[in-house]
Every structure is written in structure tokens, then in C-alpha cells.
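Visitor:
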Amino acid sequence: MEEIVKPLLAWYRKDHRVLPWRQQKNPYYIWISEIMLQQTRVEAVKPYFERFIQALPTVKDVAECPEEYLLKLWEGLGYYNRVRNIQKAAIQVQEQYEGQLPPDYEKLKALPGIGNYTAGAIASIAYDIPAPAVDGNVLRVYTRLLEDEEDILKQSVKTRVERELGKVIPKDSPGDFNQALMELGAMVCVPNGQPKCECCPLNQFCRAYSSGRQMELPIKKKKGKRRIEKKTILVIQDGERVAVSKRGSTGLLAGMYELPNLEGHRSEKEVLKWMTDGGMMPVRIQSVGEARHIFSHVEWDMRGYAIKVAALEESEQENLLFVEIEEAEKKYAIPAAFRAYTSYMNMRLGQESFSRENKIPEENGTGGNESENIKYNSSLL
Ligand code: SF4
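Each residue of the sequence shown is one higher than the one before, counting from 5 in the working numbering.
The following block contains the structure:
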């Protein structure tokens with residue numbers, strides 16, 4: 005592995021992408037960008053990153069930000085627990101380190117939401133600390149270079165790769181070395197389709213290339229099947245306003261807002277009964293199609309209805325809020341899982357809602373493996 009250092013660095017310094025979070029060695033920028041980049045493509049992250057940094061330029065701003073606005077800034081990126089952990093960590097950094105992320109790998113790792121990879125990225129890129137930063141891109145490059153057939157989903161394999169890379173990471177340019185491996189994995193030793201071995205700076209050292217086994221590696225043992233949940237989504241409008249409700253404080257998409265929905269696939273008749281039982285007066289109902297949204301462990305199989313009602317304020321459904329669409333866009337963080345149905349009423353989510361009016365709302369939704377996957381935005385089928 006020592007042999008790869010020079011050619012890898014030379015290639016990176018000549019040919020790497022210009023990314024907004026890499027323009028200066030700002031640990032806060034590197035931290036936010038690395039958290040956003042987990043499970044999300046670079047191009048999708050760029051506008052979110054710029055908007056986040058513009059709205060919250062310092063760790064202190066994040067620590068003091070109302071949670072609902074924080075979720076609004078993250079709306080559409082999914083895995084909302086990430087941004088809640090960012091805030092928990094920001095509060096600790098404020099209290100323990102005077103608003104500066106500590107220049108120490110172990111102290112970084114002790115902060116909420118920061119694991120080995122993120123700590124290594126911040127430590128090496130911002131502070132020139134020779135710590136490895138091993139993500140999926142790096143694991144792919146490593147296993148192909150060494151024709152390593154271990155399952156990269158195993159923590160023990162990741163730990164071994166971190167240890168091995170830790171031995172060769174150059175002390176005078178650890179940040180460039182880590183970024184070069186990530187960049188090679190993203191641009192040359194790509195995850196989907198054929199790697200571009202002919203133009204890879206490491207092809208002379210690569211065992212998978214010489215044996216022609218690039219496409220067989222890395223080994224990833226398949227996970228279990230996702231659970232499928234059927235849902236009926238209701239777009240309830242009275243002309244000006246739309247009904248939204250707040251999700252519970254624990255579990256999937258905790259604390260986010262959503263369109264009212266019922267378990268299972270319901271008929272028009274069942275939906276109308278549910279509404280009249282709740283004190284609403286439906287005057288028209290129409291099907292608005294089916295959609296699917298894939299989370300990491302669950303898949304929502306959705307059927308939707310648009311319902312016009314006479315007078316929303318008469319509803320006895322305690323959990324429902326009736327808001328104007330622009331107000332919902334500005335103040336209420338609604339996950340991308342509902343995009344097929346919010347689009348139906350021209351409600352914009354995430355980046356789209358901020359591009360309508362490029363300003364911060366005056367006012368402004370935590371834990372575990374809640375995980376909405378932006379790669380699988382729902383769409384009407
Ligand atoms: S030679 Fe091909 S398989 Fe090997 S590291 Fe380079 S791109 Fe990946």
C-alpha cells in the first residue's frame with residue numbers, strides 16, 4: 005500500500021473536483037458536508053450545504069437554532085436524525101470547546117453523530133492529523149487494490165482497513181491522502197458500472213485489475229428484505245389551506261410533519277367515513293394515484309386521495325393543522341416520502357421551497373436509525 009501514496013497524491017492534486025466545502029480548511033464546513041454526504045450524492049448536497057452554511061454560519065448558530073427550522077433546512081435530505089445529532093454535538097462544542105471543533109480524533113469521535121469516518125475526515129482535512137477516513141468509496145478501492153474478498157459490511161473488516169491505511173497515511177498530507185482515496189472511489193473506481201481502470205493512477209498496483217476481477221469486488225453480503233407498509237395518503241384542502249399533522253416524537257421520521265394518512269389501502273368510502281367521523285365535510289374526492297418510497301428498512305406503498313372539504317376548521321381530528329401552502333413550505337418540515345402528493349397541490353419541499361423565496365423563516369421537529377433515503381424519491385407510478 006505504501007507504493008500508492010505518491011501516484012495517488014499526484015493524481016489528486018492535478019485533477020480533483022472543486023467542492024464548496026473544500027475551499028478552505030474550515031472544520032465546521034467539513035463536518036456539515038461529511039454528514040450531509042452520508043447516503044447522498046455530491047450534486048444533491050451542494051445546494052443544501054450552501055443554504056445551511058448561509059443560514060447557520062457558525063457552530064453557535066446551529067446550537068441555538070430552533071429545531072423545527074433546523075429540520076426545515078434538512079427537509080428532503082432524509083435521515084433526519086443526522087441533523088438532530090449535529091445540533092446535539094454543536095451544543096457540546098459550544099459548552100466544552102468554545103465553539104471550535106476539537107483538533108483531536110478521539111474527542112471528535114466522542115461527539116454525537118460523529119463516527120470513525122467523519123472524525124477522520126475532520127481531523128485529517130482541517131487539522132492535518134494522520135487519521136484514516138474509511139467510507140464506502142475507500143473500502144471499494146482498497147478491496148479491489150488488494151483483491152480482498154472479505155465482506156465490507158462487517159465492522160471487523162472496516163476496522164482492519166482503517167488500521168492498514170493508518171500505517172501508510174502520509175504525515176505531511178493526511179487530508180489530501182484521504183480525499184484522494186475518496187475521490188478515486190467516486191470518480192474512477194466507481195460503484196456502479198465498470199471502473200475506469202485504464203485511466204486509474206493506481207492500475208499498476210491493482211490486483212483486481214490484473215486478474216480482471218474488478219466487477220466482483222467488493223463483497224457485500226445481502227441484507228434482509230424490507231418490510232412493506234401500505235398507506236393511504238390524504239390531500240385534504242378547502243381551497244386555500246391544506247391539512248398537515250405532526251408525527252410522534254419517536255420512531256421513523258420523528259417530529260416531522262406529514263400529510264394525514266391511514267394505515268392500509270383504503271377505499272373512497274372508508275376515507276369519506278373517516279373524515280365525516282372526524283367532523284369534516286367532504287364535497288369531492290378523487291384518486292391521485294399510487295407512489296412508493298423506500299427507506300432503509302421499510303418501504304411505503306402508498307395510495308392517495310385528494311379531498312375537497314367545505315370547512316376545515318370544523319374538524320374534530322385533534323392532530324390536524326390547517327395551513328396555507330406557502331406557510332407549510334416555510335415552516336413545516338415534510339419528508340420527501342410525501343413528494344408525489346405535495347407536488348399534486350404544488351407544495352414545494354426541501355431545496356425547492358427555499359428557491360421560491362430565498363429567505364429564512366422567522367420561526368421555525370431525533371435518534372436511532374430513522375432513515376429516509378433521498379436516492380429513492382417517490383413518484384407517481
Ligand atoms: S485499477 Fe481499476 S479496480 Fe483497480 S483501483 Fe483503479 S479503478 Fe479500481
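Here a beta-carbon is modelled for each residue, glycine too, at the ideal position from N, C-alpha and C. Owing to the predicted nature of the structure, the values given are computational and were not obtained by experimental measurement.
Enumerated in chain order, which unbroken segments of the beta strand (DSSP E) with a length of 3 residues or greater are wholly contained in the segment 14 to 90?
Guide: Runs found: none.
Visitor: Spatial neighbours of Cys201 within its chain, please: CB distance less than 6 Å, with the 5 preceding and 5 following residues excluded, ordered by chain position.
Guide: Cβ within range, chain order: Asn207, Tyr213.
Visitor: Considering Phe326, what are the terminal residues of the beta strand (DSSP E) in which it resides?
Guide: Unbroken beta strand (DSSP E) run through Phe326: 324 to 328.
Visitor: Within a Cβ cutoff of 7 Å, which residues of the same chain sit near Gln218, ignoring the five residues on either side of it in sequence?
Guide: Answer for Gln218: Arg148, Pro199, Cys201, Ala212, listed in chain order.
Visitor: Is Gln218 near the ligand SF4, judged by its Cβ being under 8 Å from some heavy atom?
Guide: Yes.
Visitor: Assuming Asp180 is part of the alpha helix (DSSP H), what are its boundary residues?
Guide: First-last of the alpha helix (DSSP H) with Asp180: 178 to 191.
Visitor: Runs of 4 residues minimum, wholly inside the segment 139 to 182: which ones carry the alpha helix (DSSP H) assignment?
Guide: Runs found: 140 to 150, 159 to 172.
Visitor: Which same chain residues, not among the five before or five after Met186, have their C-beta less than 8 Å away from its C-beta?
Guide: So the qualifying residues of the chain are Ala137, Asp139, Asn141, Val142.
Visitor: Skipping 5 residues on each side, what residues in its chain have a beta carbon closer than 7 Å to that of Leu324?
Guide: The residues are Ala247, Ser249, Pro264.
Visitor: Give the straight-line distance between the Cα atoms of Gly268 and Ala340, rounded to the nearest whole angstrom.
Guide: Roughly 20 Å between the two C-alpha positions.
Visitor: Measuring alpha carbon to alpha carbon, tell me which of Val287, Met260, Gly252, Asp305 ends up nearest Arg270.
Guide: Looking at the Cα atoms, Asp305 is the closest of the given residues.
Visitor: Shortest alpha-carbon distance to Leu188 belongs to which of Phe53, Glu330, Glu7, Arg21?
Guide: Closest option to Leu188, Cα to Cα, is Arg21.
Visitor: Can you tell me whether Met284 is helix, strand or coil according to DSSP?
Guide: Met284 falls in the coil class under three-state DSSP.
Visitor: Taking 8 Å as the cut-off, is the beta-carbon of Leu257 closer than that to any non-hydrogen atom of the ligand SF4?
Guide: No, the ligand SF4 has no heavy atom inside 8 Å of this Cβ.
Visitor: Are Val161 and Met5 touching if we call contact CB-CB under 9 Å?
Guide: Not in contact: Val161 and Met5 (Cβ atoms no closer than 9 Å).
Visitor: In whole angstroms, what separates the C-alpha of Gln98 from that of Asn182?
Guide: Cα to Cα, Gln98 sits roughly 28 Å from Asn182.
Visitor: Could you spell out where the beta strand (DSSP E) holding Leu238 opens and where it closes?
Guide: Segment 231 to 241, the beta strand (DSSP E) holding Leu238.
Visitor: Whose C-beta lies closer than 8 Å to the C-beta of Val302 among residues of the same chain, with five residues either side of it excluded?
Guide: Once the five neighbours on either side are set aside, the close Cβ partners of Val302 are Arg230, Arg231, Ile232, Glu233, Leu256.
Visitor: Would you tell me roughly how many angstroms separate the C-alpha atoms of Glu294 and Ala337, rounded to the nearest one?
Guide: Near 22 Å, if we compare the C-alpha coordinates of Ala337 and Glu294.
Visitor: Does DSSP put Val302 in a helix, a strand or coil?
Guide: Residue state, collapsed to three classes: strand.
Visitor: Determine, using beta carbons only, whether Val192 and Pro205 come nearer to each other than 9 Å.
Guide: It is a contact, given that the beta carbons lie within the stated cut-off.
Visitor: I'd like the span of the beta strand (DSSP E) that includes Arg245, first residue to last.
Guide: Start and end: 245 to 250.
Visitor: Is the separation between the beta-carbon of Ile118 and that of Ala93 shorter than 9 Å?
Guide: The answer is yes: Cβ separation under 9 Å.
Visitor: Is the beta carbon of Lys224 closer than 9 Å to that of Ile298?
Guide: Going by C-beta atoms, Ile298 is not nearer than 9 Å to Lys224.
Visitor: Would you identify the three-state DSSP class for Glu102, choosing helix, strand or coil?
Guide: The answer is coil: DSSP assigns Glu102 none of H, G, I, E or B.
Visitor: Assuming the contact rule is C-beta atoms closer than 8 Å, Val292 and Ala310 should be a hit. Round their C-beta distance to whole Å, please.
Guide: The Cβ separation is near 5 Å, so the contact holds.
Visitor: Rounded to whole angstroms, what's the CA-CA distance from Glu349 to Gly103? Just pull it up for me.
Guide: Here residue 349 is Met; the residue named in the question, Glu, does not match the sequence. Approximately 42 Å between the Cα atoms of the pair.
Visitor: Could you name the residues of the same chain whose beta carbon sits closer than 7 Å to that of Asn381, not counting the 5 residues immediately before and after it, in chain order?
Guide: Here the model assigns Asn381 a pLDDT of 28, short of 50, so the residue's position is not dependable and the matter cannot be decided.
Visitor: If you compare alpha carbons, which of Arg352, Ser300, Gly170, Leu266 is closest to Lys226?
Guide: Minimum Cα distance to Lys226 is reached at Ser300.
Visitor: Mapping the DSSP letters down to three states, classify Lys312 as helix, strand or coil.
Guide: DSSP places Lys312 in strand when its eight states are reduced to three.
Visitor: Nearest to Gly308 by CA position, among Glu272, Ser177, Tyr32, is which residue?
Guide: Cα-wise, what sits closest to Gly308 is Glu272.
Visitor: Can you say whether Thr346 is buried or exposed, counting buried as having 16 or more other CB atoms within 10 angstroms of its CB?
Guide: Buried is the call here.
Visitor: Secondary structure at Ser291, three-state DSSP: helix, strand or coil?
Guide: DSSP places Ser291 in strand when its eight states are reduced to three.
Visitor: CA-CA distance, Lys363 and Glu220?
Guide: Reliability fails at Lys363, whose pLDDT of 33 lies under 50, so the model's placement of it is uncertain and the value that follows must be treated cautiously. Each residue's alpha carbon lies about 48 Å from the other.
Visitor: Apart from the five residues on each side of it in sequence, which residues of its chain come closer than 7 Å, Cβ to Cβ, to Ile34?
Guide: Hits under 7 Å: Trp25, Ala125, Ile126, Ile129, Ala130.
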